[in-house]
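In this text, residue positions in the sequence shown follow my numbering: the first is 20, and each later residue adds one.
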Amino acid sequence: MRKRRALLLNLILLACSLAFLFLWPLWKGPIAFQEGTEEEISRLLATHSQAAEPFFTELAFSGEQLPYDRNTSTFYLPLNMETDIWESGQLTSLASGVSLIFEEDFTGADKQEAIKNGTKFRFYAVRDGEYQECWLTVTGLSVVSIETEADADAEIFGGSAYFWDSSTKVDWTSSSILEANIRGNTSRTYEKKGYKLSLKKQNKNGEIVEDKKSLFGLRNDDEWLLNAMYSDSSKIRDKLSADIWAEIGAYQEEFPEAYFGTRMTYVEVFFNHEYWGLYVLMEPVDSKQLDRTKEGEGGQEEYSYKSVTPQDVSTEELLNQEAYGETLSGFELKGSHTVIDRTSWEPLLSYLELRDLSDDEAFAAAASELTDREGALDIWIYLQAVLGIDNRGKNMYYVAKNRGNRQVVYFAPWDMDITWGDALSEGTGDNVWDVGLFTALYSERINWSFGDRLIELDVDGSCDYVSERWKELRQGVLSDESLTEEIDGLIHQVRDSGALERDAERWPDSNSGQDYELFVRMALYRMKILDYYFDGNLEEYMGLGYE
């Protein structure tokens, strides 16, 4: 009996020891590191020589190597910017024979102020008789680091991707094999590129397979997009618009597993150990996002079409092509298909034919049958609210979903950076287009031909729908209070994380310096303009129009 008790006691002590070992970092005091006194650092600088070339790249927090900028020997520690308490952990060197001495106990500083100001804390990496001056910066955003043999302008490249989550220090890092390519149309001409990321891993059989994972609170998947936001001086237009659409029309009760839009989160990116700036990591609007019924899945195949550039061929010509492929006059057929022919394009062609019908009665009779009419009106209202001038003839997904025994076209906006008063003008320097604020937009109608026609013909009560829907939205996501709170929250993320200033320093020729007070003021002004027109003055509003 005594032996059993002793064995049980030993097991309890062992369990407690293991719990202490693994859980202690979660509740012990602030970050641990070796701090040197002023005398010790003076002695170090006097007795050691500064390294001719940087030798230290392996700073770790709680055993996980941190991202760094090789040009400045600056290491980045992602922490939760919403708390004022420093996380627990230990800063150490992973490089053999290298010791670290920090100049000060930075955990005595105000954590949130240090993050906001991008404060750099100096430390020294010491090896044999030499030292390297290094810096530690704390960021409030999660981090993505790309490592590849290619440079950032390569159209297609492979390599590795590494991820650090700022919101937690439990399972907060991961990595993947990477396949990537530059993405975008106009945006691909800018010096700061956007990328599509495909994550891979090696399975136990040595095969390279998809590496599906949830990144920073987004969906679980292997396909991701990095949006550079180069032309947006505010760095909030795209995410603000996407978040608003999430409340207006991204969810459809008929398709609970589908999401007609994108979700995104802010990150900072490194490319081959160089700081590359502020990005948004985005979910693609793909078959998974739209819960698209694919070929052979037991129902009629559904289709998704992306409007990439404005349609430049008449609809009549599109209806009478000799052959149909993956693209059609500015539209792309998305997803994988065994065979692509006229049938693959039929839902979009039917929509375009409807849109361009000269017979008003025929249009009114078919609109609610062939399209999600209320969804189209939601898109129309949304474009008016966010001033989506770049989404009228492109940057839209047209999604053919099965409804009963027919297919109905639904709508999902995409690429919302040219919004909230920004407009394109002929480029200067190396830019094809310049982007800047055009305040006259705030008093104009954003013409979108299909939605315009639904309202002008008052198809199935479209005018009343717009008026009532607007009142509902002004009590919710588009109320002055909600809109201001959403904008302020995004400003907080980009500015108080320290990323906004770092991005402007990294890309001095990019659009930056948004007057955020003006942004909020003009957004609320736009809501008041629409209040007037949508409350009994819709006919007058339809007489306006931005070209």
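Virtual Cβ for every residue (Gly too), placed ideally from N, Cα, C.
| Asked | Found |
| --- | --- |
| For the beta strand (DSSP E) containing residue 421, list its first residue and its last residue. | 415-422 |
| Report yes or no: do the region 228-235 and the region 479-486 share at least 3 C-beta pairs separated by less than 8 Å? | no |
| For residue 239, which of helix, strand or coil comes out of DSSP? | strand |
| Quick check on this structure: which residue in 79, 102, 72 has the alpha carbon closest to the alpha carbon of residue 90? | 72 |
| Would you kindly report the start and end of the unbroken beta strand (DSSP E) that includes residue 403? | Segment 392-405 is the alpha helix (DSSP H) holding residue 403; no beta strand (DSSP E) there. |
| Under 8 Å: do the region 318-335 and the region 351-371 share three or more Cβ pairs, one atom per stretch? | yes |
| Can you grab the Cα-Cα spacing for the pair residue 56 / residue 122, in whole Å? | 7 Å |
| Are the beta-carbon atoms belonging to residue 86 and residue 94 less than 9 Å from one another? | yes |
| According to DSSP, is residue 144 helix, strand or coil? | strand |
| Along the chain, where does the alpha helix (DSSP H) containing residue 178 start, and where does it finish? | Careful: residue 178 lies outside any alpha helix (DSSP H), inside the beta strand (DSSP E) at 175-183. |
| Helix, strand or coil for residue 561 per DSSP? | helix |
| Can you tell me which of 546, 171, 221 puts its alpha carbon nearest to the alpha carbon of residue 402? | 546 |
| Specify, as a first and last residue, the run of the alpha helix (DSSP H) that residue 200 falls within. | Note, residue 200: premise wrong, no alpha helix (DSSP H); beta strand (DSSP E) at 192-202. |
| When DSSP labels each residue in this structure, what does residue 554 get in the three-state scheme? | coil |
| I need the DSSP call for residue 531, collapsed to helix, strand or coil. | coil |
| From what residue to what residue does the beta strand (DSSP E) around residue 325 run? | 322-326 |
| Sort 297, 162, 187 by Cα distance to residue 181 and report the nearest one. | 162 |
| In angstroms with no decimal places, state the Cα-to-Cα distance between residue 169 and residue 290. | 10 Å |
| Provide the residue span of the beta strand (DSSP E) that contains residue 366, from first to last. | Counting along the chain, residue 366 falls outside any beta strand (DSSP E), though it belongs to the alpha helix (DSSP H) covering 361-374. |
| Starting from residue 79 and walking both ways along the beta strand (DSSP E), at which residues does that stretch end? | 78-80 |
| With respect to the beta strand (DSSP E) encompassing residue 587, which residues constitute its N-terminal and C-terminal limits? | Past the boundaries of the shown model lies residue 587; the chain is included only from 20 to 566, so the question cannot be answered. |
| Span of the beta strand (DSSP E) holding residue 85? | It is not in any beta strand (DSSP E) - residue 85 carries neither H nor E in the DSSP assignment. |
| Would you mind listing the beta strand (DSSP E) stretches within the region 270-329 that are 3+ residues and don't spill past its ends, in chain order? | 283-290, 293-301, 322-326 |
| Does the region 362-377 touch the region 388-399, meaning 3 or more C-beta pairs lie closer than 8 Å? | yes |
| To the nearest angstrom, how far is the alpha carbon of residue 429 from that of residue 420? | 7 Å |
| Using C-beta distances below 7 Å, list every residue in its chain close to residue 114, excluding the 5 sequence neighbours before and after it, in chain order. | 75, 77 |
| Nearest-angstrom Cα distance between residue 167 and residue 217? | 14 Å |
| Measuring only the C-alpha atoms, how far is residue 509 from residue 538? | 12 Å |
| Kindly indicate if chain C contains any beta-carbon less than 9 Å away from that of residue 397. | Absent here is chain C; the protein component of the structure consists of one chain. |
| State whether the region 175-189 contacts the region 98-108, with contact taken as three or more CB pairs (one from each stretch) at a distance under 8 Å. | yes |
| Counting along the chain, where does the beta strand (DSSP E) carrying residue 213 start and finish? | 213-221 |
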